[in-house]
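Heads up: the sequence shown begins at 140 in our numbering, then just goes up one per residue.
Even for Gly, the Cβ is constructed at its ideal location relative to N, Cα and C.
Data block below; observations after.
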Amino acid sequence: MTKTFDLSNLSDEELASLINEATTLRDTRRASREGERPVGSDGSIGQDVRAPDHGVIPTPTPREVKDEGRAHGVPK
């Protein structure tokens with residue numbers, strides 16, 4: 140469902156300010172998502188914890204365990 144907003148009473152300056160603020164917010168949100176991984180084949184999503192600036196100690200993901208676990212003795 141799409142929200143509609145009545146912007147008819149806004150001046151040109153107010154509309155330009157609103158557009159600039161919305162564009163800045165959208166760009167900020169997009170930049171914060173750059174470290175996220177795309178949706179995996181199993182439907183999982185998440186951040187790339189191996190990114191140098193992430194700040195966490197990486198552990199195997201369920202996908203990695205599924206893909207590599209048998210080589211380490213984990214049953215299917």
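Query, Result
"Alpha-carbon to alpha-carbon, Gly208 and Ser147", "60 Å"
"For Ser171, the first and last residue of its enclosing alpha helix (DSSP H)", "Asp151 to Ser171"
"Ser208 (DSSP reduced to helix, strand or coil)", "Reading off the sequence, residue 208 comes out as Gly, not Ser. Helix at Gly208."
"Straight-line gap, Leu164 to Gly212 (C-alpha atoms, nearest Å)", "47 Å"
"Whole-angstrom distance between Glu153 and Glu160, CA atom to CA atom", "10 Å"
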